[in-house]
Structures are given as structure tokens and as C-alpha cells.
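Presented below is the structure to which this report refers.
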Amino acid sequence: MEEMKSEVLRPLVCTRGIIVFPSQEVIIDVGRSKSIKAVEEAQEHFEGKVILSAQKDVTVDDPNDQQMFHVGTLCNIVHIRRMDGYIRVKFRGLKRVALHSILDENTMLSAHVSIIEDVKQDEKEEIALVRKIAKQLEELDVLGQHLPKEVINELANGVSAGQLSDQIAQILPISLDQRQRLLETAAINDRLLMILEEMESEKELSAIEERINEKVKTRIEDSQKEYYLREKMRAIKEELGDVPEHDSDVDAMRKMIEENPYPQHIKEKAKEELQRYELLPAASGESGVIKSYLDWLLKLPWWQKSQDNENLSEAASILDEDHYGLEKVKERILEYLAVKQMTNSLRAPILCLVGPPGVGKTSLSKSVARALGRAFVKISLGGVKDESEIRGHRRTYLGALPGRFIQGMKKAGTINPVFLIDEIDKMASDYKGDPASAMLEVLDPEQNALFSDHYLEEPYDLSNVLFIATANYLENIPNALRDRLEIIELSSYTELEKCNIAMKHLVPKQLKENGLKASQMKIDEEMILYLIRYYTRESGVRQLERVIATLCRKSVLLILKEGKRSVKISKKLIQSWLGHEKFEYGKRELKDQVGTVTGLAYTSFGGDVLQIEVNYFEGSGKLVLTGQLGDVMKESATIAYDYVKANAKQFQIPSTLFEKHDVHIHVPDGAVPKDGPSAGITLTTALVSALSNRAVSADLAMTGEVTLRGNVLPIGGLKEKSMAAHRCGISTIIIPKANMKDMDEIPETVKKSVKFIPVEHVSQVLHTALGK
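In C-alpha cells form, the structure reads like this:
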């Protein structure tokens, strides 16, 4: 080979991702036209000598001077084989060369190059490096397998360190840039040192790979072992005649446990139960119990949460759209939303809506769920006596199930639904336990984050649930339970409110349900008021809705039967369809009477008026009570009788009258049970009126409890009672002075037409009712 100490011109082949070292033979498929031309030119005019240099970016099709490395290899063309569209060339590396300038002649590349000779350095260091590399070669099987035997023999003789470095550089698993650095390094010791570093790095990587391979192998062996055992167990079960679906259930449940983000303690519990289930025959009774338990455990919502609607204006408009009035409740719900939005986390309050039937407690709860954008669940506790209805049954019992709250959570599918607990005041207790006491854990915000259900046996978080309870009577809710509730009282609707509810909600709803258009049945406010006064007597609007539904059905029949285009509801039509008036609006005593006083009562249907009658006749001094009076009312009658007896002289009643006469107190509508602590002053006035033969004004009603000393005590339900008096046309009401604080709740229409007289002592009542 001619010397190339000075620059000479040689054809140039640019390679993609391949670097050829001296003494290396390599076969390359040459396809680019410039590269093919360079090979042919070298074969014809340069004795088969050609320069191979790598391009920096393998994606470039036609690299220029800046895109190529400027140190390459002078190679000899050993053999050429022409293929379809390319040539396959075998090159042998000869020497390192420096590319001083690259010429692009359009048809081929050429370069002015000069030889780079190996530079010998410290001989002892070279020997040490070679020995070190030899030792590494023994440890690195990858290099030993690819290194030619002759090179290993030369290494054993301790010769050709430069050739050794180039041979190892060919097979080291390193990047293109690292190979180029080795090619550009002329100093043999430096090159050997670089190779040693790469071998050390490869050794570390090999150790890591070995550890990874061991882990993978172990896992594969474990899974294969598990698979083998499961298949064997499946075969045994099939031989025994067990149902094969048992295994598919196991696989499905195992997949569910692994793929879903259950709490860790639930995953562990489920896996434990699944192992037991897997080992049991499919036909065994316990297998069904465990399967049922796993279904409950895995299908309950543990992490699923719905997004609350945080648009306060939208929530307010939804509540207004569904309900007329009820401002206190709506305001409380909006407060909850606002605080939650401000703090981003809030324990849900336990609201309790208390009020008579039909005032919208249940439907309001549904509207709250709609306004919040949450799922809605309802359970009714009316008549529930068994504690297991709340806490669930133990799994050991036949037909065991979780309690109603866990059942409701599964139905909701989220951990933050609106949960309506209906009729919480109607729970009872017997030998099966006290469900009201079990409710304490559910409704206590400090405890319900870890609610314990006997069936689940794992704590369940109820703290995200918005509980809304409903009750008719606050007094029937146990004190311990009432302490955990935020009480919101819903009173009876006034006539005006009922009229608005009917026109805005009930009439459109019933028209739609009966397939009528607004133009086909016309009913105005006057007719609605007529229905309210003479065909319904209730605190809510349920009966009113039923009456409107009846009118709608009869209108549909009239339209279809007689071909009428529309029906206008009139009094005559109402009486024809619904019969005579069911109630007497404004019913009261028409004239002043002796021994008859109008009292005011608060019933489950709201306020009502009742007449208390007293008569006396010859006898042995007994007190007779009739009219289905409850214990509290009987006590009130006894107190009133004893008070009048003690103060007979003051009321100008002969003391001998009590010894020789029986006194009979009767409250009409004898078939209707009556009870309550607010008839004391009414009973006292009726007794004094009858025994002193003085008439009581028919235009007067009264409510209040009385003590043995004649003090008048406050009562409840003043709004409902005053509305009942107003409805009956009574113009004056005597009330306890302590109830003046409740006057703000009374509608303005009632205040304008009724005079309220506050009293502290029964003498003031008698002075007003009977005169001096």
C-alpha cells in the first residue's frame, strides 16, 4: 500500500450507522447512487482503495460536509456482488484516515485524506491494560463469543495491542458516537483505557440484566406453578362433578380486586374470602354465602364520587322551580353548598324536616338531590322494630343481608348521595333491639366515617352522604337522636300558599299526566280556593292534588265522550263531579252559649278548631270525661276542674254544687282521638261558664295550658292554630303571653283580620271571655 503521509484524493462512501475499524471485515449493502459510483471508481482507478466515513444523522439521504464525521477508515474492496438495484460489497479496514476536505461531484463523493498512525505510549501501562482487558474478556461471555480465536491467541502471546483494541471496539455494544471516539483516538493506551471503561460499564449492565432475568424467571416459574396447580385443581373438580362456572367467577372477582382502587383493607379482606371460596366445592352451602358476601363487598361504592353542582344560582333556581315557599329549607341547602365550595371539604349535615303530612318534605329532598347533582336514595323507617334493619345481620344467619343503609349505598353507586330517611319518628323497639339507638352511629358526624355493619364486618364511610330525615312529630324522636339532627320545621300551608302551589305545580302536573293541554281544561284561582275550603281539610296539598286529578279525569272523559274542545271548571261542575261540599268552611258557633268554648288544636293535618262542652247534673261529685281524650288532655281537665273548685267563691259558684252534682266534659267528634297540653284555659273557661251560667262569645277562640295556681303556659303550633281560627271566621284569639315571640311566623293576612290577646293568668282569660 502506498504511503499517505501527505494528502491524497480518494473516492468516498458515506455509511449509515456503520463504522469500520482497521483489520475489520464487513459486508455492506451499497444503494445510494453516489456511493455505488465511488465503489466502481475505486475498483477501476484506485486499486480497490476507498474511504468509508459515517454520517452523523442516519435519516439524512444526501449528507454534506458538515453532516459527516471527519475521521474515517481506508478500506480495501475484497468482493462485489451486484444485486437488483444495489451492490453488496465486502470491505476490509486498513488504516485510520483524516478527511481534510470533502468534494461533492454530483455523481460521487471524494475526499482529500491522510493516514493516522497508531501512537505507542508507555509500554508497561499498555501491558497492564491488556492484562486487565484479558481478565474482563474471561468474565464477559458476550465479548468472548464474538472475538475471533486468532485475536485471543495473539492476546495470549501479548502482542498487537492496537489490533486488540480495534477488534474489541467492533463488538462492544456501544453507541455510534462512542465508536467514532474510539476510531478518532490514535493513542493505543488511551484507546485501551476507553475500551476498559466501556467493558466495566457493560459488566455492571450485565449484572443488572442478570438480576432482572432472575426476577422474571422466578415470577414466570411462580405463575406457571400457580397456573399448573389451578389447572390441576380444576381437573379434580371436574372429575368430582363440580360446576365449572365456579372458576370463572373466581377469575372475574380476582380481576375486579386487582384492577379497581379499593381501600387496602378491603382488598385484603376480599382476597382472603376469595381463597376460601376457591377451595370450596361449588355445590356447598357455604360457597353461596361467601359468593354473596364478595358480591356485596366488591359492588359497594368505595371510591366512586359524583361532582357537586357548585353553581349557587342554578341550585337556587332548581329549588324554586320545584317548590313554592319553604324559604328556610332552601336557604339552609344553599348555605351548605356555599360553605362546601369555600372550604372544599365539609362533613355533610344531618337535616331533619319536621312537619305535617303533605307539606313537601319528601319531594323537597328529591329537589335537593337534583340541585346538587347527586344520586337520590330513600328508605322508610315507619314501623321498623329490628335493629338488624339498620346494622345488618351477622353472616352466620340464614338469609343474612346488610342493613338498609349499606343496601341504599349500593343502589346509589356513589359515596356521596342524598339519603332520605323517611318517618324517623315512627321507629319502634321490641325484643329484637332498639333501631333508634342503632341510628345514633349513622347520624352522628363524629362516628359515621367508620360505620360498622354486622354483615360487612368492615368499617364503611358514610361521612360524605347528605342525610335528610323527615318526621311528623318532633316529640316522637328520641332525645339522643334528636340531638344529632339539625331541625328545620315545615309548617302548614296557608290558603294563599296552597293556591300558588296548585296553580304553579299541581294543575300543570295533573294536566300532563292525564294527557290534557292547558287550553283543554281551564281552572282559575277562585275555583282552586273553593276546592281548598270545601273539599279538603289538610295541612299539605295531597288531597288537593287528588281532587284536581279527579277533575282532570272527568274532563278527559267529557272531551272524548261528548267531543268538547275544552272544559271550564265552575262551582256547579265541581259539585256535579265531586258531590256536595265535604267540609263547612268557617264552621263555628253562631251564637254565644253557656258551657261551650272554642278551642284551638294542632293535629297531624295542621291547625283545627274544636268545641269543648261542659254540663252538670245531680250526682255524687264525679268528673266525667268523654271524646277519646288522651292522658295529657285528661290531666288538663282534672287540673282545670280542681282550679275552678278551689276558686269557686271567686267565680260566684256555690261550693255545695261540687258535692251534689257530677260535671261532664265532652269534646265533640267522639270517634277522633284527641291529646295535647294546650287545652287548659279552654277547659277552665268552659267549666266556669257552665257552673256560673255565663255565656262565652262565639267569636272567641283560645289556646294555652293552665297550672293549679292559674298561670298560663306557652303552647306550640301557634301559626297553624291561628290559621284554623281565621279560616273559621273567628276574630279574637287568646294566647299565652310567652307565645308573642312566635307572632313573626303568622301570615300577614291572619294578623290583619284576627285580634290576638296575650294573657299570663287564667283570671285575664275569664275576664276577656266572661266579663267581670
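In this text, residue positions in the sequence shown follow the UniProt record's numbering: the first is 1, and each later residue adds one.
Cβ atoms here follow ideal geometry from the backbone N, Cα and C, with glycine treated the same way.
For this session: Please state whether DSSP places T707 in a helix, a strand or coil.
Result: Counting from one through the sequence shown, the residue named residue 707 turns up at place 707. Coil at T707, not helix or strand.
Exercise. By the 10 Å Cβ neighbour count, where 16 or more other Cβ atoms means buried, how is I653 classified, buried or exposed?
Worked result: Here residue 653 is taken as the residue at index 653 of the sequence shown, counted from 1. Buried: at least 16 other Cβ atoms inside 10 Å.
For this session: Note down the Cα distance separating N76 from N106, rounded to an integer number of angstroms.
Result: Here residue 76 is taken as the residue at index 76 of the sequence shown, counted from 1. Here residue 106 is taken as the residue at index 106 of the sequence shown, counted from 1. The straight-line gap from Cα to Cα measures roughly 24 Å.
For this session: For the alpha helix (DSSP H) containing S33, list its first residue and its last residue.
Result: Within the sequence shown, numbered from 1, the residue matching residue 33 stands at position 33. Counting along the chain, the alpha helix (DSSP H) containing S33 begins and ends at S33 to H45.
For this session: Grab me the residues of T414's own chain with a C-beta within less than 8 Å of its C-beta, minus the 5 sequence neighbours each way, in chain order.
Result: One-based indexing of the sequence shown puts residue 414 at position 414. Cβ within range, chain order: P301, Q304, K305, S306, R374 and A375.
Problem set entry | Helix, strand or coil at T470 according to DSSP, with G and I counted as helix | Taking the first residue of the sequence shown as 1, we reach residue 470 at position 470. Correct three-state label for T470: strand.
Problem set entry | Whole-angstrom distance between K340 and S636, CA atom to CA atom | As a first step, residue 636 is located in the sequence shown; it is residue number 636 there, counting from the start. As a first step, residue 340 is located in the sequence shown; it is residue number 340 there, counting from the start. Cα to Cα, S636 sits roughly 48 Å from K340.
Exercise. Leaving out the 5 sequence neighbours to the left and right, which residues in its chain are closer than 7 Å to V359 when beta-carbon positions are compared?
Worked result: Mapped onto the sequence shown, residue 359 falls at position 359. So the list reads L490, S492, Y493, S539 and G540, once near-sequence residues are dropped.
Exercise. CB A549 to CB Q510, shorter than 7 Å?
Worked result: Counted from its first residue, the sequence shown places residue 549 at position 549. Counted from its first residue, the sequence shown places residue 510 at position 510. Yes. Within cutoff.
Problem set entry | G144 to V71 span [Cα, whole Å] | Translated into the one-based positions of the sequence shown, residue 144 becomes position 144. Translated into the one-based positions of the sequence shown, residue 71 becomes position 71. In this prediction, G144 has a pLDDT of 49, which is less than 50 and means its spatial position is unreliable; what the coordinates show is noted afterwards. Roughly 28 Å separates the two Cα atoms.
Problem set entry | Identified DSSP bridge partners for Y460 | For the purposes of this step, residue 460 is taken as residue 460 along the sequence shown, with counting starting at 1. Partner(s): F451.
For this session: Please specify which runs of the beta strand (DSSP E), each continuous and at least 3 residues long, are wholly inside the segment 664 to 740, giving them in chain order.
Result: 700 to 702 and 732 to 736
Exercise. To which residues of the same chain is A42 closer than 7 Å at the C-beta, ignoring the five residues directly before and after it?
Worked result: Taking the sequence shown and counting its residues from 1, one reaches residue 42 at position 42. Excluding sequence neighbours, A42 sits near P11, G48, K49, V50 and I77.
Exercise. Is G85 helix, strand or coil by DSSP?
Worked result: Indexing the sequence shown from 1 puts residue 85 at position 85. Here G85 sits in coil by DSSP.
Problem set entry | Neighbourhood of H664 by C-beta distance below 6 Å, restricted to the same chain and skipping five residues each side | By one-based count along the sequence shown, residue 664 stands at place 664. These residues qualify, in order along the chain: N615 and V624.
Exercise. How close, in whole Å, do the beta carbons of A769 and V667 come, if the pair is a contact with beta carbons under 8 Å?
Worked result: As a working note, residue 769 is residue 769 in the sequence shown. As a working note, residue 667 is residue 667 in the sequence shown. Actually they do not touch by this definition, with Cβ atoms about 18 Å apart.
For this session: Out of S284, T343 and V368, point me to the one whose CA is closest to L353's CA.
Result: Counting from 1 along the sequence shown, the entry for residue 353 is found at position 353. Closest by alpha carbon: V368.
Exercise. Is the distance from the Cβ of R92 to the Cβ of E25 below 7 Å?
Worked result: Residue mapping note: residue 92 aligns to position 92 of the sequence shown, counting from 1. Residue mapping note: residue 25 aligns to position 25 of the sequence shown, counting from 1. Yes, they are a contact pair.
Exercise. Since F419 is in the beta strand (DSSP E), which residue starts that stretch and which ends it?
Worked result: For the purposes of this step, residue 419 is taken as the residue at position 419 of the sequence shown. From DSSP, the beta strand (DSSP E) with F419 extends over V418 to D422.
Exercise. What is the residue span of the beta strand (DSSP E) that K378 lies within?
Worked result: Here residue 378 refers to the residue found at position 378 when the sequence shown is read from its first residue. Unbroken beta strand (DSSP E) run through K378: F376 to S380.
Exercise. Do we get a CB-CB distance below 7 Å when we pair I612 with the residues of chain C?
Worked result: Considering every chain present, this structure includes no chain C. It has just one protein chain.
Problem set entry | Range covered by the alpha helix (DSSP H) that runs through L629 | Counted from its first residue, the sequence shown places residue 629 at position 629. Careful: L629 lies outside any alpha helix (DSSP H) and carries neither H nor E.
Exercise. Which residues in the same chain have their Cβ closer than 7 Å to the Cβ of L334, if we skip the five residues on either side of it in sequence?
Worked result: Within the sequence shown, numbered from 1, the residue matching residue 334 stands at position 334. Excluding positions up to five away in sequence, the list reads L312, A315 and A316.
Problem set entry | Test item: CB-CB of H454 and R370 under 7 Å | On the sequence shown, residue 454 is found 454 positions in, with the first residue counted as 1. On the sequence shown, residue 370 is found 370 positions in, with the first residue counted as 1. Not in contact: H454 and R370 (Cβ atoms no closer than 7 Å).
For this session: Excluding the 5 residues preceding and the 5 following I18 in the sequence, name in chain order all residues of the same chain whose CB lies nearer than 6 Å to its CB.
Result: Taking the sequence shown and counting its residues from 1, one reaches residue 18 at position 18. Same-chain partners within the cutoff: there are none.
Exercise. Are there three or more Cβ pairs, one per stretch, closer than 8 Å when the segment 565 to 581 is compared with the segment 638 to 646?
Worked result: no
For this session: Return the first residue and the last residue of the beta strand (DSSP E) that E489 is part of.
Result: Numbered from its first residue, the sequence shown carries residue 489 at position 489. Element bounds for E489: E486 to E489.
For this session: Go through its chain and collect everything with a Cβ distance to N464's Cβ below 6 Å, but skip five positions before and after it.
Result: Mapped onto the sequence shown, residue 464 falls at position 464. Around N464: I415 and N416.
Exercise. Are L52 and V89 close, meaning C-beta to C-beta below 7 Å?
Worked result: By 1-based counting over the sequence shown, the position of residue 52 is 52. By 1-based counting over the sequence shown, the position of residue 89 is 89. No, the Cβ-Cβ distance between L52 and V89 is not below 7 Å.
Problem set entry | Among A469, G408 and M409, nearest to A436 - alpha-carbon criterion | In the sequence shown, the residue the question calls residue 436 occupies position 436. Nearest C-alpha to A436: A469.
For this session: Report buried or exposed for F69, applying the criterion of at least 16 other Cβ atoms within 10 angstroms of its Cβ.
Result: For the purposes of this step, residue 69 is taken as residue 69 along the sequence shown, with counting starting at 1. Buried, by the Cβ-count rule.
For this session: List in chain order: all unbroken beta strand (DSSP E) runs of 3+ residues lying wholly within the segment 303 to 365.
Result: 350 to 354
Exercise. Among K330, Q167 and M108, which residue has its Cα nearest to the Cα of V130?
Worked result: Position 130 of the sequence shown, counted from the start, is the residue given in the question as residue 130. Considering only alpha carbons, the answer is Q167.
Exercise. Pick from S731, G355 and P677: whose alpha carbon is nearest that of L326?
Worked result: As a working mapping, residue 326 is identified with position 326 in the sequence shown. The candidate whose alpha carbon is nearest that of L326 is G355.
Exercise. Under the three-state reduction of DSSP, which class applies to K124: helix, strand or coil?
Worked result: On the sequence shown, position 124 is the one that residue 124 refers to. Three-state DSSP puts K124 in a helix.
Exercise. Touch check for the segment 754 to 765 and the segment 680 to 694: three-plus C-beta pairs under 8 Å?
Worked result: yes
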